[in-house]
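Peer 1: Supplied in structure tokens, the structure appears directly below.
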Amino acid sequence: MPEGVQLWNHRPYETIEVKRLAGALGAEISGVDLSEPLTDGLFGEIYQAFVEHHVIFFRDQEITPEQYLAFAKRWGGIHLHPFMKGLDDHPEILELIKTETDTYAFGNSWHSDQMFAPKPAKCTMLYALETPETGGDTQFANLYAAYDALSDGMKAMVGGLRCHNGGDRTSAHDRKSRAERYSGASGMKLKDPGDVQTESIHPLVRTHVDTGRKALYMGSHTQCIEGFTPEESKPILAQLQKHIERPEFICRFNWAPGSLAIWDNRCCQHYAINDYAGQRRRMHRITIMGEDAPF
Ligand code: SIN
Numbered sequence: 000m001p002e003g004v005q006l007w008n009h010r011p012y013e014t015i016e017v018k019r020l021a022g023a024l025g026a027e028i029s030g031v032d033l034s035e036p037l038t039d040g041l042f043g044e045i046y047q048a049f050v051e052h053h054v055i056f057f058r059d060q061e062i063t064p065e066q067y068l069a070f071a072k073r074w075g076g077i078h079l080h081p082f083m084k085g086l087d088d089h090p091e092i093l094e095l096i097k098t099e100t101d102t103y104a105f106g107n108s109w110h111s112d113q114m115f116a117p118k119p120a121k122c123t124m125l126y127a128l129e130t131p132e133t134g135g136d137t138q139f140a141n142l143y144a145a146y147d148a149l150s151d152g153m154k155a156m157v158g159g160l161r162c163h164n165g166g167d168r169t170s171a172h173d174r175k176s177r178a179e180r181y182s183g184a185s186g187m188k189l190k191d192p193g194d195v196q197t198e199s200i201h202p203l204v205r206t207h208v209d210t211g212r213k214a215l216y217m218g219s220h221t222q223c224i225e226g227f228t229p230e231e232s233k234p235i236l237a238q239l240q241k242h243i244e245r246p247e248f249i250c251r252f253n254w255a256p257g258s259l260a261i262w263d264n265r266c267c268q269h270y271a272i273n274d275y276a277g278q279r280r281r282m283h284r285i286t287i288m289g290e291d292a293p294f
């Protein structure tokens, strides 16, 4: 939890307005100008909405990279992507760009960010600069709801399992290497992770530090259940992933320039929909470091 923030139960918001986007998760927040420094009270309300709704959205924000970074630092330390280069002037900001002729869209698989790291990303922010006329939405899945809906038998089975997660996965769709995939994303720059750890083992069910709730914790970085053969592990993970993708656990956000989202990687998966061939989409992404290893 960021310093100075205290969560509450059953108290109305005093400054912001919160409008739910779907039954499962997601809310649009209004009454905030993110270009201005936020008082502790206002930031506390935004954090409360984030914890309650798991992914929050703002519309019509006009912020400079400096203002964006100042806002991001309220949430924790900035995480640098081990495989992708940030902006030259602001390396903490990763530009996700898909041009009219590109074929590959960053984030086009169900995942939770940086699951390959020993302390995976806490939350991720995405700010839209250019959006397609149609398409390019992002979907989010509620991993608390997916866990809660499992049978008691399945909860008992998955409760003690841990999984291997790797950053150098091949794509869930096309089995291509990272370099091959990014040949279809002309504006995105790869980098060598050096000695940054990009393989980690995490529990398949994690407990959220802010809420104490349990969530299924897996995604396209998840490769295998510890102690299982790949053949044994694959159908279990595939069945759980299919369960997570049930429409009852999902919300979908339609971007416009100036939209900004913040999602909680500890209890959400997300999926960038690649359905806007021939159109351009440009977003600025900042990821906030996780404070603890999942437990
Ligand atoms: C991501 O996975 O961080 C990208 C999401 C998006 O571009 O919609």
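With numbering that gives the first Met the number 0 as the guide, the letters of the sequence shown map in order to residues 0 to 294.
The C-beta atom is built at its ideal place from N, Cα and C for all residues, glycine as well.
Taking 8 Å as the limit between beta carbons, can you name the residues of its chain near I77, skipping five residues before and five after?
Peer 2: L68, A71, E91, I285, T286, I287 and M288
Peer 1: Closer than 7 Å to a non-hydrogen atom of the ligand SIN - does that hold for the CB of L259?
Peer 2: no
Peer 1: Entirely within the segment 182-238 and at least 3 residues each: give me those beta strand (DSSP E) ranges in chain order.
Peer 2: 198-202, 204-206, 213-215 and 221-224
Peer 1: Does I28 pass the burial test, meaning 16 or more other C-beta atoms within 10 Å, or should it be called exposed?
Peer 2: Its Cβ being crowded by 16 or more others within 10 Å, I28 is buried.
Peer 1: Cβ of H269 versus every heavy atom of the ligand SIN: is any distance shorter than 7 Å?
Peer 2: yes
Peer 1: For a test of the three-state rule: what should DSSP assign to I45, helix, strand or coil?
Peer 2: helix
Peer 1: Kindly confirm or deny that the segment 181-199 and the segment 141-153 touch, where touching means at least three C-beta pairs closer than 8 Å.
Peer 2: With contact defined as three or more Cβ pairs closer than 8 Å, the segment 181-199 and the segment 141-153 are not in contact.
Peer 1: Alpha carbon to alpha carbon, how far is Q238 from T169? Give it in angstroms, no decimals.
Peer 2: Low per-residue confidence applies at T169: pLDDT is 49, beneath 50, and the placement is therefore not dependable, though the value from the model is reported in the following sentence. Approximately 20 Å between the Cα atoms of the pair.
Peer 1: For the candidate residues F227, I249, G193 and P256, whose alpha-carbon lies nearest to that of K84?
Peer 2: G193
Peer 1: So what's E51 in DSSP terms, helix, strand or just coil?
Peer 2: helix
Peer 1: Ends of the beta strand (DSSP E) at F294?
Peer 2: No beta strand (DSSP E) holds F294; DSSP gives it neither H nor E.
Peer 1: Please name the residue or residues paired with I337 in a DSSP beta bridge.
Peer 2: The first residue shown for the chain is 0 and the last is 294, placing residue 337 beyond what the model contains.
Peer 1: Straight-line CA distance for L295 to Q5?
Peer 2: Any question about residue 295 goes unanswered here, given that the chain covers just 0 to 294.
Peer 1: Spatial neighbours of K97 within its chain, please: C-beta separation below 6 Å, excluding the five flanking residues on both sides.
Peer 2: A104 and R280
Peer 1: Should the segment 241-251 be regarded as contacting the segment 28-41, the criterion being three or more beta carbon pairs within less than 8 Å?
Peer 2: no
Peer 1: Helix, strand or coil: which one does DSSP assign to L142?
Peer 2: helix
Peer 1: Measuring only the C-alpha atoms, how far is F139 from D88?
Peer 2: 30 Å
Peer 1: For the ligand SIN, any of its heavy atoms closer than 7 Å to the Cβ of F49?
Peer 2: no
Peer 1: How would you label V195, buried or exposed, when you count the other beta carbons within 10 angstroms and need 16 or more for buried?
Peer 2: exposed
Peer 1: When the Cα atoms are used, what is the spatial distance from G30 to T137?
Peer 2: 23 Å
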